[in-house]
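The block underneath contains the structure these notes are about, expressed in structure tokens.
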Amino acid sequence: MRAPASGVPVILLEIDRRSEDAHDLVHKLRRYWQWGRLLPPDADKHTVDLARSRPDAIEHIDHDKRLWRRLYPPTGREGLAPVAFVFADTTDTKVANTVAVLEQAGRPYWAPRRYDTYHRGLTALDYGQAVPVLVTTLEQLQEHGADAAVWRRLGREGEQTLTASLDNPDGDALYRRQAARARARRRAGGHDRRAAGTAAAHPPRGRPHPAPAGRRRHHRRGQCSRRG
Numbered sequence: 001m002r003a004p005a006s007g008v009p010v011i012l013l014e015i016d017r018r019s020e021d022a023h024d025l026v027h028k029l030r031r032y033w034q035w036g037r038l039l040p041p042d043a044d045k046h047t048v049d050l051a052r053s054r055p056d057a058i059e060h061i062d063h064d065k066r067l068w069r070r071l072y073p074p075t076g077r078e079g080l081a082p083v084a085f086v087f088a089d090t091t092d093t094k095v096a097n098t099v100a101v102l103e104q105a106g107r108p109y110w111a112p113r114r115y116d117t118y119h120r121g122l123t124a125l126d127y128g129q130a131v132p133v134l135v136t137t138l139e140q141l142q143e144h145g146a147d148a149a150v151w152r153r154l155g156r157e158g159e160q161t162l163t164a165s166l167d168n169p170d171g172d173a174l175y176r177r178q179a180a181r182a183r184a185r186r187r188a189g190g191h192d193r194r195a196a197g198t199a200a201a202h203p204p205r206g207r208p209h210p211a212p213a214g215r216r217r218h219h220r221r222g223q224c225s226r227r228g
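Position one of the sequence shown corresponds to residue 1 (this note's numbering), numbered consecutively onward.
Right, here's the structure in full:
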């Protein structure tokens, strides 16, 4: 499905009428994730060699150079093309059980990671290699419409609108802000340390240095002190 006017350039739909087991859906999700990591057949040799250099090398290759981008436009967000599971002709209990399996067994494919960075204390998450997964029911869509808050994203609580469920407020934008603040703190700390070092090496002029203890001499007017 494509709805660029609604802020959703692409979303892949899976309509499930409970004809598949929950673990079958996890298998589908894994295949979507694997497909998002493929290169096109005509990828240049440098990119192919890089992808083969180690198991996670594909994660260092831009999405623009991957196969899925030949078929679909950029999502405008981090990660691979989103997938929505729409359940129909089933009960709330069965939906909840299926979603629980998707969340647990499918975590390697939908969950974000911590950023690999030397900055400390960052809470932002890296969604760059994840498949955003949404769930809803056909009944909710028919009753409220696709623009209503009927979508739940795996890893989150509650239902949101379609665009809100696809957005990543704790993702790349937050990382850039937190990393900028961390760099500013490092620069400020480095400046303070340099200033302290300069002050220690060059004390203010005009003040006599105190004589070392045990070597001070006391003079009275008209007399010279003698060492006994």
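For each residue, glycine too, the CB sits at the ideal point set by N, CA and C.
Quick check: what's the CA-CA separation for residue i versus residue j?
i, j, result
"L62", "P9", "Position check: residue 62 holds Asp in this sequence, whereas Leu was assumed. Going from the Cα of D62 to the Cα of P9 covers about 18 Å."
"R18", "A188", "58 Å"
"L258", "Y115", "Outside the displayed range of the chain (1 to 228) lies residue 258, so it cannot be described from this structure."
"L12", "L80", "11 Å"
"R177", "R70", "32 Å"
"S53", "W68", "21 Å"
"R186", "R120", "11 Å"
"V48", "L141", "42 Å"
One question on the structure: do residue i and residue j come within less than 8 Å of each other, judged by their Cβ atoms?
i, j, result
"A130", "Y175", "no"
"A22", "T98", "yes"
"Y109", "W33", "yes"
"A179", "L122", "yes"
"A173", "L162", "no"
State the CB to CB distance for the pair residue i and residue j, rounded to an integer number of angstroms; the pair is presumed to be in contact (CB under 8 Å).
i, j, result
"R127", "G171", "For the sequence presented, residue 127 should be read as Tyr rather than Arg. Right, their Cβ atoms sit about 5 Å apart."
"L102", "L25", "6 Å"
"L29", "R66", "No, L29 and R66 are not in contact; Cβ-Cβ is about 18 Å, not under 8 Å."
"E159", "R152", "5 Å"
Between residue i and the ligand SAM, is the CB less than 7 Å from at least one heavy atom?
i, result
"R183", "Within the structure as shown, the ligand SAM is missing, as the structure has no ligands at all."
According to DSSP, what are the bridge partners of residue i?
i, result
"D56", "D56 pairs with nothing; no bridge assigned."
"E14", "F85"
"R153", "L134"
"R114", "L125"
Against chain D, with Cβ distances strictly below 8 Å, would residue i count as a contact?
i, result
"P74", "The displayed structure is made up of one protein chain only, and chain D is not part of it."
Checklist entry - Three or more C-beta pairs closer than 8 Å, one from the region 132-147 and one from the region 85-97: is that the case here? => result yes
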